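Q:
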DNA sequence: GCCGTTTTCGGCCCGACTGTTTTCAGTCG
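In UniProt numbering, the protein residues as written are 1 to 625.
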């Protein structure tokens, strides 16, 4: 049985929780407080680890574990014990003192260990339903320190908890974020509105939605916010902050600050938590104090910075760091002011709007929703792309009505005719009843100036003949090479037999990469976020082969895939493996997904030259095998 | 329990909101 990182971080969090429960009996209260925080820090690190902690231990022993920040002698030996025996003695002892269902209370918001301790000391409460019953019967109120009001609040939190909370996909919440942003922007007293938090960092999943508003009249903003029709529950509301729960189960934070604190609030509220903590420690080491209102000199209490984020970073001795990179994974050390390495990196960092073509596009010849002509038309007009590759599925993927050899050749021929008509200006698309819906996401680049549309000649647009060839269980393809070689570019992907062991899956992909006809491996891990983990792949090994064989790995931008994920992109970039960013469009609106892929690529510190479809089509084709 | 370009001991990010506290602890992000 393979041990997951989540299993280990989970048990560390439970240890921390139990230590906190224990705290009021302990004389050495402060020290214990720091001890439980150490367990949380270690758990956070493990959750963010891009590799399996068990494999790390098996390969490099306890020294491998000690390499992880925030994991020292004590915690590493506990992890070792867990890997070897499936148990941690220290945890078992703690647990035996408090025979409660820790999971229930750990995930319940609003009640921490202190409150829980008081309750379980007085009442036979052992799990969430015990607590709910006690609250309904008014038993909690009988405990001194718990008012009727607090009892009601506990019931509400249990109700919210039972609805279930999981992280939402970036693409799923995008429309709601835009809608709320619009709503807030329309308020007279709001001079600036920004969606912040993990949304601004383009994280693949979002826990709750955070908004920052600049205003001289916080009360009116906060009141309008909590009174929106989408709001189910006001969880808290003060003079500068509000915290609510939407009807659809999402939580949302609002922070209102004056203009002179905008930069500091933006930094604070964008996170990540780890990045923020590291910045505040850095400030501390310089005799400064950083909070959401600004950067202050500790001694004189003078404000040094706060209105602009860039100035704030500079005042800390750093260059500005793009939100996508704020994870405390080396960016702060590298961004020291004046660092040539950092400046070079920033100059070359991939930008929104850098993608010139989309190399995974489906048509209604298989499972897409529109014709090749329509997909091309929207790509060139609405999304400013210079080329697309039509990558319909191939014959063994029956469910998508995959194309056989002859159909592929016919399609390639048709594409050639379209290209000719585009070139001579006779290309014409009869748009059948166009959809009323609006495209999801931003149509154009968000931080680049004017787009290239005006300078661009639509007659240079090019459709590439291609396919998403199915990789069979033995790593061979379902279309022979002599056919594939007649296409402009070839992508290959796994769609079946997901549950083979890692060695088998990896060798399947390696065999495909070694095939001279395969240019790109599409969605290399096959994951669907929150739904399936995908097939296990030895990523470092695949990267080595990709580099050797000049095979490109794809970043599939569909927001339920985002495959490769950010950490793997960073590994690819470090190893000089070439990448492309594709939308996997099955409808023209899906071209907007490219934005999500670019966000992930920036989270993986990708440079423009790591991503081959930032190149004009001619140069791209020259780089292929 | 972890960590170290002034430290192997003595620190550990910071502030808002809530409740019942008459000056602060608990919880959260």
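Glycine is no exception: its CB is placed at the ideal position from the N, C-alpha and C atoms.
Predicted model, so just to flag it, every value in this text is computed and none were measured.
Going by DSSP, which residues form a beta bridge with residue 78?
A: Position 78 of the first chain, counted from the start, is the residue given in the question as residue 78. Answer is none; residue 78 lacks a bridge partner.
Q: Determine which residues share a DSSP beta bridge with residue 209 and list them.
A: Locating residue 209 in the first chain gives position 209, where the first residue counts as 1. Paired residue(s): 252.
Q: If we count the other Cβ atoms within 10 Å of its Cβ and call it buried at 16 or more, is residue 210 buried or exposed?
A: By 1-based counting over the first chain, the position of residue 210 is 210. Residue 210 comes out buried.
Q: Report yes or no: do three or more beta-carbon pairs, one from the stretch 602-620 and one from the stretch 500-508, lie closer than 8 Å?
A: no
Q: On the DSSP bridge list, what partners appear for residue 195?
A: Within the first chain, numbered from 1, the residue matching residue 195 stands at position 195. Answer is 211, bridged to residue 195.
Q: For the alpha helix (DSSP H) containing residue 357, name the first residue and the last one.
A: As a position in the first chain, residue 357 is number 357, starting the count at 1. Taken as a continuous stretch (DSSP letters only), residue 357 belongs to no alpha helix (DSSP H), being part of the beta strand (DSSP E) at 357-361.
Q: Can you name, in chain order, every residue of its own chain whose Cβ lies under 7 Å from the Cβ of residue 458, other than the five neighbours on each side?
A: Reading the first chain from its first residue, position 458 is the one you call residue 458. Cβ within range, chain order: 380.
Q: Do residue 517 and residue 478 have their C-beta atoms closer together than 8 Å?
A: In the first chain, residue 517 corresponds to position 517, counting from 1. In the first chain, residue 478 corresponds to position 478, counting from 1. In this structure, residue 478 does not lie closer than 8 Å to residue 517 by Cβ.
Q: Taking 8 Å as the cut-off, decide whether the C-beta atoms of residue 312 and residue 388 are in contact.
A: Residue 312 sits at position 312 when you count from the first residue of the first chain. Residue 388 sits at position 388 when you count from the first residue of the first chain. Going by C-beta atoms, residue 312 is not nearer than 8 Å to residue 388.
Q: Give the single residue among 249, 104, 386 whose Cα lies nearest to the Cα of residue 167.
A: Against the first chain, residue 167 aligns to sequence position 167. The shortest Cα separation from residue 167 among 249, 104, 386 belongs to 249.
Q: Do you know whose CA, among 90, 256, 264, lies nearest residue 190's CA?
A: Translated into positions along the first chain, residue 190 becomes position 190. 256 is the residue among 90, 256, 264 whose C-alpha sits nearest the C-alpha of residue 190.
Q: Consult DSSP for residue 394 and reduce its assignment to one of helix, strand or coil.
A: Within the first chain, residue 394 is the residue found at index 394, counting from 1. Looking at residue 394 - three-state DSSP - the assignment turns out to be strand.
Q: Can you tell me whether DSSP reads residue 266 as helix, strand or coil?
A: Taking the first residue of the first chain as position 1, residue 266 is located at position 266. Here residue 266 sits in helix by DSSP.
Q: Considering only heavy atoms of the ligand ATP, does any lie closer than 7 Å to the CB of residue 414?
A: For the ligand ATP, the structure offers nothing, since it holds no ligand at all.
Q: Output yes or no for whether 8 Å exceeds the beta carbon distance between residue 460 and residue 386.
A: To locate residue 460, count along the first chain from 1; it is residue 460. To locate residue 386, count along the first chain from 1; it is residue 386. The answer is yes: Cβ separation under 8 Å.
Q: Quick check: what's the CA-CA separation for residue 157 versus residue 110?
A: By one-based count along the first chain, residue 157 stands at place 157. By one-based count along the first chain, residue 110 stands at place 110. The alpha-carbon atoms of residue 157 and residue 110 are separated by roughly 7 Å.
Q: Rounded to a whole number of angstroms, what is the C-alpha to C-alpha distance between residue 688 and residue 235?
A: As shown, the chain starts at 1 and ends at 625. That puts residue 688 outside it, with no answer to give.
Q: Are residue 278 and residue 295 touching if we call contact CB-CB under 8 Å?
A: As a working note, residue 278 is residue 278 in the first chain. As a working note, residue 295 is residue 295 in the first chain. No, they are not a contact pair.
Q: What is the DSSP secondary structure of residue 309, reduced to helix, strand or coil?
A: Here residue 309 refers to the residue found at position 309 when the first chain is read from its first residue. Residue 309 falls in the helix class under three-state DSSP.
Q: If we count the other Cβ atoms within 10 Å of its Cβ and call it buried at 16 or more, is residue 431 buried or exposed?
A: Counting from 1 along the first chain, the entry for residue 431 is found at position 431. Classification of residue 431: exposed, given that the 10 Å Cβ count is below 16.
Q: Shortest alpha-carbon distance to residue 113 belongs to which of 148, 162, 18?
A: Locating residue 113 in the first chain gives position 113, where the first residue counts as 1. Of 148, 162, 18, the residue nearest in Cα terms is 18.
Q: Would you report the Cα separation of residue 65 and residue 539, rounded to the nearest angstrom?
A: As a working mapping, residue 65 is identified with position 65 in the first chain. As a working mapping, residue 539 is identified with position 539 in the first chain. For residue 65 and residue 539, the distance between alpha carbons rounds to 20 Å.
Q: What distance in whole Å lies between the Cβ atoms of residue 392 and residue 406, which are believed to be in contact at a cut-off of 8 Å?
A: Position 406 of the first chain, counting from 1, holds the residue named residue 406. Position 392 of the first chain, counting from 1, holds the residue named residue 392. That belief does not hold up - the Cβ atoms of residue 406 and residue 392 are roughly 13 Å apart, past 8 Å.
Q: Does residue 387 come out as helix, strand or coil in the three-state DSSP assignment?
A: The residue labelled residue 387 in the question sits at position 387 within the first chain. Strand, per DSSP.
Q: Would you kindly report the start and end of the unbroken alpha helix (DSSP H) that includes residue 13?
A: The sequence position of residue 13 within the first chain is 13, counting from 1. It spans 5-22 - the alpha helix (DSSP H) in which residue 13 sits, taken as one unbroken run.
Q: Once DSSP output is grouped into helix, strand and coil, what is the label at residue 354?
A: Here residue 354 corresponds to residue number 354 of the first chain, with the count starting at 1. The answer is coil: DSSP assigns residue 354 none of H, G, I, E or B.
Q: So for residue 87, helix, strand or coil by DSSP?
A: Here residue 87 refers to the residue found at position 87 when the first chain is read from its first residue. It is coil, neither helix nor strand.
Q: Give the list of continuous alpha helix (DSSP H) stretches no shorter than 4 residues that lie fully inside the stretch 536-605.
A: Contiguous alpha helix (DSSP H) elements confined to the stretch 536-605 occur at 539-549, 566-574, 594-603, taking only those with 4 or more residues.
Q: Check whether the stretch 524-536 touches the stretch 333-340, counting contact only when three or more Cβ pairs, one atom from each stretch, lie closer than 8 Å.
A: no
Q: Measure the CB-CB distance between residue 542 and residue 509 and report whether it falls below 8 Å.
A: For the purposes of this step, residue 542 is taken as the residue at position 542 of the first chain. For the purposes of this step, residue 509 is taken as the residue at position 509 of the first chain. Result yes, Cβ atoms of residue 542 and residue 509 sit closer than 8 Å.
Q: Report all residues from its chain with a CB closer than 8 Å to the CB of residue 219; omit the five preceding and five following residues, and keep chain order.
A: Translated into the one-based positions of the first chain, residue 219 becomes position 219. Around residue 219: 239.
Q: Taking only the alpha-carbon atoms, compute the straight-line gap between residue 565 and residue 48 and give it to the nearest angstrom.
A: As a first step, residue 565 must be located in the first chain, where it is residue number 565. As a first step, residue 48 must be located in the first chain, where it is residue number 48. Each residue's Cα considered, the two are about 12 Å apart.
Q: Per DSSP, what are the beta-bridge partners of residue 289 in this structure?
A: The residue you call residue 289 lines up with position 289 of the first chain. Residue 289 is bridged to 296.
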